[in-house]
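The structure appears below as structure tokens.
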Amino acid sequence: MKQILLVLAAMLLTCCSKDSEVTAQTMTQEMYITIDGKTLPVRLVDNDATRTLVAALQEGDISYEARDYGGFEKVGALGRSLPTSDTQTTTQAGDVILYSGNQIVLFYGSNAWSYTRLGRMVYSSQSELESFLKAGQGNVTVRLSLTSGATAISGVRTDVRNDVYRSLNGQQVDSPRKGIFIKNGKKIAL
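Quick note: the sequence shown, position 174, residue 578 per our numbering, numbers continuous.
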């Protein structure tokens, strides 16, 4: 009975969600947007425009200038044209849209127009999104890439004491109980 209710709930959410088209078309591919050294991931939808954009990004990052427009978006010329599949769309904050085949629009507000949807930025709050996009603050340079630019190692410290217990993620543990820890560079099970 529980499984049937879960299936029915999932079907109801899928059928009634205004984003059901986007959810059904979401690619596993992510793109990253970087502005002033800060990066947000974008979950791309699967269409001709995103496949063409990803192919271009596989050859290298793409940068362009974007400006505020209408108090709800940053828009800029991509420097190339992508295939369009425009449909009447009401955008939401965080949407990444192709306009006129050659302009990328990053929304921090909402608008209704005929666009080709590219994807959606992943962010935690409206204020984070507006700060990231520098909403209302004029022109920004936007870099599109397939990698976040983050590295796993930010530096090496040589002043770390080896005679203490550390968790597997490297944090010092003052009173270890049960678990696996690192001491003197070796794994220890307690």
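Quick reminder that beta carbons are idealized off the backbone N, C-alpha and C, glycines included.
All values reported here derive from a predicted model rather than from experimental measurement.
Review point. DSSP on Glu463, reduced to helix/strand/coil?
Key: Note: Glu463 maps to coil in three-state DSSP.
Practice item. Measure the alpha-carbon distance for Asp578 versus Gln492 and round it to whole angstroms. Key: Straight-line measurement puts the Cα of Gln492 at about 59 Å from the Cα of Asp578.
Review point. If you run the structure through DSSP and keep just helix, strand and coil, what is Val458?
Key: Collapsing the DSSP output to three states places Val458 in a helix.
Check your understanding: Within 10 angstroms of its Cβ, does Arg447 collect 16 or more other Cβ (buried), or is it exposed?
Key -> Burial state of Arg447 is buried, judged by a 10 Å Cβ sphere holding 16 or more other Cβ atoms.
Point to revise | Pair within 8 Å by beta-carbon distance, Asn506 and Ala481 | key: The criterion of a C-beta distance shorter than 8 Å is satisfied by Asn506 and Ala481.
Review point. DSSP on Gln575, reduced to helix/strand/coil?
Key: If DSSP states are grouped into helix, strand and coil, Gln575 belongs with coil.
Practice item. Pull up the distance between the alpha-carbon of Val509 and that of Gly553, whole angstroms please. Key: For Val509 and Gly553, the gap between their C-alpha atoms comes out near 22 Å.
**Study point:** Asn543 classed as buried or exposed, judged by whether at least 16 other C-beta atoms fall within 10 angstroms
**Key:** Exposed is the call here.
Practice item. Could you please give the first and the last residue of the uninterrupted alpha helix (DSSP H) stretch that includes Phe585? Key: Bounds of any alpha helix (DSSP H) do not take in Phe585; it lies within the beta strand (DSSP E) bounded by Ile584 to Lys587.
**Study point:** Bridge-paired residues (DSSP) for Arg471
**Key:** In the DSSP output, where bridge partners are listed per residue, Arg471 has Val479.
Check your understanding: Roughly how many whole angstroms lie between the Cα atoms of Asp452 and Leu486?
Key -> Asp452 and Leu486: Cα-Cα distance of roughly 8 Å.
Exercise for review: Mind reading off the beta-carbon distance from Lys582 to Leu572? Whole number of angstroms is fine, and I expect it under 8 Å.
Suggested key: Rounded, the Cβ-Cβ distance is 13 Å, inconsistent with contact.
Exercise for review: Would you mind sorting Ala601 into buried or exposed? The rule is 16 or more other CB atoms within 10 Å of its CB.
Suggested key: Coverage of the chain is limited to positions 405 through 594, which leaves residue 601 absent and any answer about it impossible.
**Study point:** Nearest candidate by alpha-carbon position, reference Glu477, set Gly540, Ser549 and Ile592
**Key:** It is Gly540.
**Study point:** Nearest-angstrom beta carbon gap, Leu537 and Ile439 [assumed within contact, 8 Å]
**Key:** Indeed, because the Cβ distance is near 7 Å, the residues count as touching under 8 Å.
Check your understanding: From what residue to what residue does the alpha helix (DSSP H) around Gln530 run?
Key -> Start and end: Gln530 to Leu537.
Exercise for review: Pull up the DSSP beta-bridge partners for Ala453, would you.
Suggested key: Ala453 is not bridged to any residue.
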